[in-house]
Structure formats: C-alpha cells, structure tokens
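Undergrad: Can you read through this structure? Questions will come right after.
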Amino acid sequence: MIVGTAGHIDHGKTSLIRALTGVDTDRLKEEKDRGISIDLGFAYMPVEGAETLGFVDVPGHEKFIHTMLAGAGGIDFVLLVVAADDGVMPQTREHLAIVDLLGIEHGIVAITKADLVSEDRLQEVERQMRDELAGTALADVSMIPVSAVSGSGVALLRDEIAGAARTFTRRQATGRFRLAVDRSFTIQGVGTVVTGTVLSGQVSVEDHVTISPSGLDARVRSIHAQNRPSETGRAGDRCALNLAGPGITKTAVNRGDVVCDQDLHAPTSRIDATLRVLGSEPKPIGHWFPVRLHHASVEVGARIVLLADEPAAPGARTRVQLVLERPIAAAAGDRYVVRDTSARRTIGGGRFLDLRAPARKRRTAERMAQLDALSLTEPKEAIEALLAAPPFYLDLNAFARDRAIAATEAVALTQSLGVVQLPLEATTLAMSETSWDKFRNDILARLKGFHTDNPDLLGMGVERLRTQTELRLPVPAFRAALQALARPGEIALDGAWVRLADHRVTMTLADERLWHDIKPLLDGAERFRPPRVRDIAGLLAVPEAQVRRLMKLGSRMGKVHEVAHDHFFLREVVAEMVAVIVEISTAADKGWFTAMQFRDRLENGRKVAIQILDFFDRHSVTLRRGDMRRLNRNRLDLFGNLPNGVRDKVGVLERDEESCERIPL
Numbered sequence: 114m115i116v117g118t119a120g121h122i123d124h125g126k127t128s129l130i131r132a133l134t135g136v137d138t139d140r141l142k143e144e145k146d147r148g149i150s151i152d153l154g155f156a157y158m159p160v161e162g163a164e165t166l167g168f169v170d171v172p173g174h175e176k177f178i179h180t181m182l183a184g185a186g187g188i189d190f191v192l193l194v195v196a197a198d199d200g201v202m203p204q205t206r207e208h209l210a211i212v213d214l215l216g217i218e219h220g221i222v223a224i225t226k227a228d229l230v231s232e233d234r235l236q237e238v239e240r241q242m243r244d245e246l247a248g249t250a251l252a253d254v255s256m257i258p259v260s261a262v263s264g265s266g267v268a269l270l271r272d273e274i275a276g277a278a279r280t281f282t283r284r285q286a287t288g289r290f291r292l293a294v295d296r297s298f299t300i301q302g303v304g305t306v307v308t309g310t311v312l313s314g315q316v317s318v319e320d321h322v323t324i325s326p327s328g329l330d331a332r333v334r335s336i337h338a339q340n341r342p343s344e345t346g347r348a349g350d351r352c353a354l355n356l357a358g359p360g361i362t363k364t365a366v367n368r369g370d371v372v373c374d375q376d377l378h379a380p381t382s383r384i385d386a387t388l389r390v391l392g393s394e395p396k397p398i399g400h401w402f403p404v405r406l407h408h409a410s411v412e413v414g415a416r417i418v419l420l421a422d423e424p425a426a427p428g429a430r431t432r433v434q435l436v437l438e439r440p441i442a443a444a445a446g447d448r449y450v451v452r453d454t455s456a457r458r459t460i461g462g463g464r465f466l467d468l469r470a471p472a473r474k475r476r477t478a479e480r481m482a483q484l485d486a487l488s489l490t491e492p493k494e495a496i497e498a499l500l501a502a503p504p505f506y507l508d509l510n511a512f513a514r515d516r517a518i519a520a521t522e523a524v525a526l527t528q529s530l531g532v533v534q535l536p537l538e539a540t541t542l543a544m545s546e547t548s549w550d551k552f553r554n555d556i557l558a559r560l561k562g563f564h565t566d567n568p569d570l571l572g573m574g575v576e577r578l579r580t581q582t583e584l585r586l587p588v589p590a591f592r593a594a595l596q597a598l599a600r601p602g603e604i605a606l607d608g609a610w611v612r613l614a615d616h617r618v619t620m621t622l623a624d625e626r627l628w629h630d631i632k633p634l635l636d637g638a639e640r641f642r643p644p645r646v647r648d649i650a651g652l653l654a655v656p657e658a659q660v661r662r663l664m665k666l667g668s669r670m671g672k673v674h675e676v677a678h679d680h681f682f683l684r685e686v687v688a689e690m691v692a693v694i695v696e697i698s699t700a701a702d703k704g705w706f707t708a709m710q711f712r713d714r715l716e717n718g719r720k721v722a723i724q725i726l727d728f729f730d731r732h733s734v735t736l737r738r739g740d741m742r743r744l745n746r747n748r749l750d751l752f753g754n755l756p757n758g759v760r761d762k763v764g765v766l767e768r769d770e771e772s773c774e775r776i777p778l
C-alpha cells in the first residue's frame, strides 16, 4: 500500500512522516534551508502482518501543486494533514479536491500540532474537516490528533495506518506493466535508476521494457520494490528500476515518462474523457479552454474541446476531448486532473475514455454511442457495447493495448465473447455474430444482383463492393472479411473482382481455340510489350473485330487487362509489373521514381512504359506528382497477390511513409 500525504504548507506533513517512519523526506539542501518541502519525498515503514508501506510526502505550497500531483497519482491511501492552530486552509481544500478527483477512497485525517491548542479547538477543527469531507469518499474516515514534537497520538496513528494496510486489497498484478517515473538519477557503478509507482502489471529482472513516449528500449538490470531488493515489482509497489540500453541516461528518462511493456508504447495527444468541473470554479468552461493536464507523474499543456453543446458549468459533469501539446503515455480508465495555466487553481478532473479520439465528427450520435460503451469499466461489457454500436467492429489488439490488458487475458476475453474474428497482419478485428450475419447476407445479395444484371462479367470490383455495403469496413478488414467468406466456398476472389463461387463466365469452343493461339503472343520474352489487337489479327490472319471481341471477353474473365486502347496484357504480367514498381520504389529516395527508371527495368520503350504507368495511375496503384510517381500500398492486391519477398519490401515503404516528402506539381 502506498500512503501519500496531503495538506497545506507548514502543517507538519514531513515532520509527521519522520515521526512515523524515522525518515526525513526533505532530502534537498534548499528544502532544509527553507524548512518546506519542494520536491517529492519518500519513506518506508515495515508493518507486521502486511507488506512494507511506502510513503510519498508531497509539497503543500500552492506553487508546488504540480509536484504534489506527480506524487498523488499512484497513492492508495491518503494521510490528510491539517494543523490544529490554523485549521482548514486553501491548500487543504485544493489537496482534498485533487484526492477526490483522483478517486482515492481510503485515508485518515491527522490533526497535527495538537499540543498547541485546547480541546475545544481540536473539536472545532474536526468539525471543519467533517464539513470539507462531506460528499467525498473520505467522509467517514477517522481523525486523530497528533503531535510530532511530543509524540502524542503518533503511535495510535501508526496503528491505524498499519491496520488499514493489513485489510487493504492491493492492486491486481494483472494487465501489462506500467511504471510512472517520478525520479531519474545515476548511481556510481550501477548506472541509470528510475523510481515510481507501478500502475499495473508486473516487471521482472531481465525484462525488456520501453520508455514512453520517447520510445527508448531498455533492459531491467535490477529492482528495488518497497525499498528492498527484489526479482519483481508488482502493481501498487514503489519501485526503483536499474535500466540499461542504448541511449538510457538520467537525462533521457524524465519525470512524467512511463516505463512500460513494449507492446504498450503508443503515445497519444488527443483523448476523449469525462470531466467533473469543481464547484469552486468561478465561471463555466468554454470551448478550446487552455489548461495544464496532470496524469500520473506527467504535466502537459492541453485544450478542452467540449463534446456537449453548452459550456461546462461549475459542478457539472460532462464529456470532453483533451487536445495535448505533446503526446503522453496513458491507459483508458486512468484518472487525470486539470489546473489553470497560471497554476493558481485546480479546475477539475475525470477519467480517460478513448486514447485514439477522432479530430472530426466527434459529437455525432454514433460517436456518443461509442463513448457510452467506452465508459464501461468491465472490458467484456465494453466490447459487447462497442460491437453493438457503429461502426460495428473493433480492433481487439488496440483495445487490449489501450486498457493495458495482458495478451493472455485478451485471448481469454475474446474467447468468452464468442465474436467473429478477422485476423489481419498486425492485429485482429472483431464483429458480433449478429453484425457478421448481416454483413455476409448483404455481400451475397449484392453479388447475386450484380450477376443477374451483368451475366457476362466475371465479378464485381472489390472496392465498388466495399463502398456499397451497409456495414463499411476499412480496406484491410474488408479483404479479410472476403477471405473469411471465401474459405467455406461462398464467394470467390479473383484479383480485383469478387463473385459468387458458382458464377462463371465462359468462352465458346471456338473462342477457346483462338485464345489458345493468342496467349503465347502475350507471354514470354515480349510480355512487357505484347502486340496490339491489329498486330495479333495480322499474325493469326483473323478479323480484327473478332480478336478485339475475344480480348474484351478475356478482360471480363480476368485473363487480361486493357492497359491502353487495344493493348492487352496478361493478368499475371500486370501483377509482375506491380512487383517491379515495388522494387523500384523500395530502392528510390522516399519511394518516388521516374518513368525512365520503370522503362529501363522492363526494356519496353518510353511510350509503352508511360501507357502502363498511366494505367496504374488510373487505378491508383501509383500516385503521381508531376513527373514522379510513388507506390500506393493500399492498392497492391488490385491485380493479384504479391510474392512474400515483395511484401517484405512493401513493409519498408510503410515505415518510410511518415517521412515521405511531397513532390510539387
């Protein structure tokens, strides 16, 4: 259990921790010179029958509320301190508001300096505190008068905290590992050490972790948990991790960073969240209101985007979008606090709902339904609700990552739901059985109607079919869904076309004989510059119109593609040319290449090369900027599947896409 102090400056928080634990948490020279806490202080207290308690001592001065928040994010139990001579003061109220916003439900009140006042004054201060605590989760906590100087009440307070520790249910170590860094330093002969509270999961010596949001990778060399050497650190522990790795230094890891499971590294700068505005706020919160956001140990500038039509009045609860100045590492369900930009007051706080909030259409009815689902804390209930709301599918890997759900838990969760899973290269999409049946029936009905209207066409274009379906899936998911329908033989995929499995476009016996003569002319060494219709007619002594009719039929059957007027290429040759473009793009600067580079690879002349590239431009396989072109990886399967080796090269292009420079027209 982690115990955190809270209370006004000079109310004796540090002295009380020293009386309880024997540790002076003011470690900085300036703190000792000025007699106030400036930074976070830490102490530990063994408890018989329970694990060692960790204490986080926070500053009480209003200028250091941001530091107080960095320590408060990981505490389980609050030691709320109020001096008997001063009574309730401004930072007492603000600290209490922060504790309530962070959802801390366990604690105790210590009325310090009890030896300096009368019994009547002690009762008056207790009444003040009861009034302040009313309406919070701490309304019924115990209050104990103490004196750090005389020692009176300290033993009773220690016993009360120890009793709470024995009955405290520590955080579950399920989920993926996250530790919020509040200190980073170097120990001679050891290396870089970071300290913080483990927010979820557990970590072991020799585990590989990531520093987020920077993305630095590190290895855990050793661990101190609750001030003792340990092989593991678990949720709820205060840990010191000795980290090693390229670029890992005390300046590379800072307060506010999160050391986490490598699969969790996905920083965000736009978050949908709940917001409770404190009743003390002088006026309503308007659209694009600037704030300082505090989450775990990080502080970052942000803007509040209202998701409701009206400003958020004092005391109101609403939903907002938080647009951050820079990305942070977080998890859905985490608590946060916002303060004004001048750091004079706490405005409110709430809970993160969606770490991947959209910049557009964020107030639609569909989006509100999604947020209703994301508000559910139980993952199973949230998934079921999400799958029942538009767009009726869910990225399971992203959902598990953003909620820090462990891989084994995610698998068990999806199995218990009985959803339809669509595996993609890097993730898995899920749909409810109801939505899948609706999608399947829609696809089959549209294909049946298309074949009725177009009996001589091989099938319907994949993209045309995708854009017409009622349940609109993204391109990769739609292709995965089609493959799922093709496996049991309900439909057939034929390059860029989809058809019912029993649909056929056939040639007559005479056409088959003529095609048998034509195909060799389109293949072999001259496949990249095949003869045109008139040339084929001359070579075979067949009427030009007959050759043209057969080539058009072959195009509908998916045997050939008409790259230019009367200029047909075999389908497998077109796929081969796409593979050539992949190779050229991979080798080219930022993926951009010229027609001359393409011509030289095919050795087919400038005119034919330009016609081929214009064909690919029309089908968006290539993107043109002036005389330069670049591969559009989303259209690679249009003319057939690519070999695995070529797909590996496409991965290189995907990684380079973020840094791609636009070529001016």
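Numbering (our numbering), first residue to last: 114 to 778. For every residue, glycine included, the Cβ atom is placed at its ideal position computed from N, Cα and C. Since this is a predicted model, take the numbers as computed values, not measurements.
From Val404 to Gln483, what does the alpha carbon distance come to, in whole angstroms?
TA: The alpha-carbon atoms of Val404 and Gln483 are separated by roughly 26 Å.
Undergrad: Considering only their Cβ atoms, is the gap separating Gly718 from Arg642 smaller than 8 Å?
TA: yes
Undergrad: At the level of alpha carbons, what is the spacing between Leu537 and Glu546?
TA: 18 Å
Undergrad: Run through DSSP, which three-state label would Ser343 get?
TA: strand
Undergrad: When the Cα of Ala421 is compared with those of Thr431, Pro427, Glu412, Val413, which residue comes out closest?
TA: Selected option, being the one with the closest Cα: Thr431.
Undergrad: Apart from the five residues just before and just after Leu736, which ones in its own chain have a Cβ nearer than 7 Å to its Cβ?
TA: Arg742, Arg743, Asn745
Undergrad: So, under 8 Å CB-CB, Val676 and Ile725 are touching, yes? Tell me the CB distance rounded to an integer number of Å.
TA: Correct: roughly 6 Å between the Cβ atoms.
Undergrad: Where DSSP assigns a beta bridge to Phe681, which residues make up the other side?
TA: Glu675
Undergrad: Measure the C-alpha to C-alpha separation of Ala511 and Pro656 and round it to an integer number of angstroms.
TA: 59 Å
Undergrad: Val646 lies in the alpha helix (DSSP H); which residues open and close that run?
TA: Here the alpha helix (DSSP H) through Val646 covers 646-653.
Undergrad: Ends of the beta strand (DSSP E) at Leu736?
TA: Per DSSP, Leu736 belongs to the beta strand (DSSP E) from 735-738.
Undergrad: Leaving aside the five residues before and after Leu634 along the sequence, list all residues of the same chain whose C-beta is less than 7 Å from its C-beta, in chain order.
TA: Pro643, Pro644, Ile649, Leu652
Undergrad: Out of Glu164, Phe402, Gln241, which has the shortest C-alpha to C-alpha gap to Val195?
TA: Gln241
Undergrad: Closer than 7 Å by C-beta to Pro326: which residues in its own chain qualify, once you throw out the five before and the five after it? Chain order, please.
TA: Pro380, Pro440, Ile441, Ala442
Undergrad: Is the Cβ-Cβ distance between Arg351 and Ile115 less than 8 Å?
TA: yes
Undergrad: In whole angstroms, what is the alpha-carbon distance linking Lys126 and Ala425?
TA: 35 Å
Undergrad: Helix, strand or coil: how does DSSP classify Glu625 here?
TA: The three-state secondary structure of Glu625, taken from DSSP, is helix.
Undergrad: Rank Leu751, Ile217, Arg234 by C-alpha distance to the C-alpha of Pro731 and give the top, closest one.
TA: Reading off the sequence, residue 731 comes out as Arg, not Pro. It is Leu751.
Undergrad: Put Gly276 into one of helix, strand or coil per three-state DSSP.
TA: helix
Undergrad: If we ignore side chains and look at the alpha-carbon of each, how far apart do Ile398 and Arg473 end up?
TA: 21 Å
Undergrad: Using alpha carbons as the reference points, say which of Asp727, Ala502, Ala688, Ala386 lies closest to Glu479.
TA: The residue with the shortest Cα to Cα distance from Glu479 is Ala502.
Undergrad: With a threshold of 16 other CB atoms inside 10 Å of the CB of Gly200, please say whether the residue is buried or exposed.
TA: buried
Undergrad: Would you be able to state if there are at least three C-beta pairs under 8 Å between the region 261-269 and the region 223-232?
TA: Because the criterion of three Cβ pairs below 8 Å is met, the region 223-232 and the region 261-269 touch.
Undergrad: Report the residue from Ala119, Ala210, Asp713 whose alpha carbon sits nearest the alpha carbon of Val693.
TA: Asp713
Undergrad: So Leu377 and Arg289 are supposed to be a Cβ contact under 8 Å. How far apart are they, rounded?
TA: 5 Å
Undergrad: Taking the straight line between their C-alpha atoms, what separation do you get for Leu570 and Leu535?
TA: 29 Å
Undergrad: According to DSSP, is Ala498 part of a helix, a strand, or is it coil?
TA: helix
Undergrad: Nearest to Asp467 by CA position, among Ala429, Leu507, Thr454, Gly461, is which residue?
TA: Among Ala429, Leu507, Thr454, Gly461, the Cα nearest to that of Asp467 belongs to Leu507.
Undergrad: Tell me whether Asn828 sits in a helix, a strand or coil according to DSSP, three-state version.
TA: Because the chain spans 114 through 778 in this model, residue 828 falls outside it and cannot be assessed.
Undergrad: Can you tell which of Leu526, Arg577, Ala278, Leu542 has its C-alpha closest to the C-alpha of Arg559?
TA: Arg577
Undergrad: Could you check whether Phe563 and Ala594 sit closer than 8 Å to each other, using their CB atoms as the reference points?
TA: no
Undergrad: Which residues bound the beta strand (DSSP E) around Asp376?
TA: It is not in any beta strand (DSSP E) - Asp376 carries neither H nor E in the DSSP assignment.
Undergrad: Who are the Cβ neighbours of Ile336 in its own chain at under 8 Å, not counting the five residues just before and after it?
TA: If we look at Ile336 and ignore the five residues flanking it on each side, its Cβ neighbours are Val316, Ser317, Val318, Pro342, Ser343, Glu344, Thr345, Gly346, Cys352, Ala353, Leu354, Asn355.
Undergrad: Can you tell me whether Arg647 is buried or exposed, with buried defined as 16 or more other CB within 10 angstroms of its CB?
TA: exposed
Undergrad: Please state the DSSP three-state secondary structure of Gly667.
TA: Three-state result, Gly667: helix.
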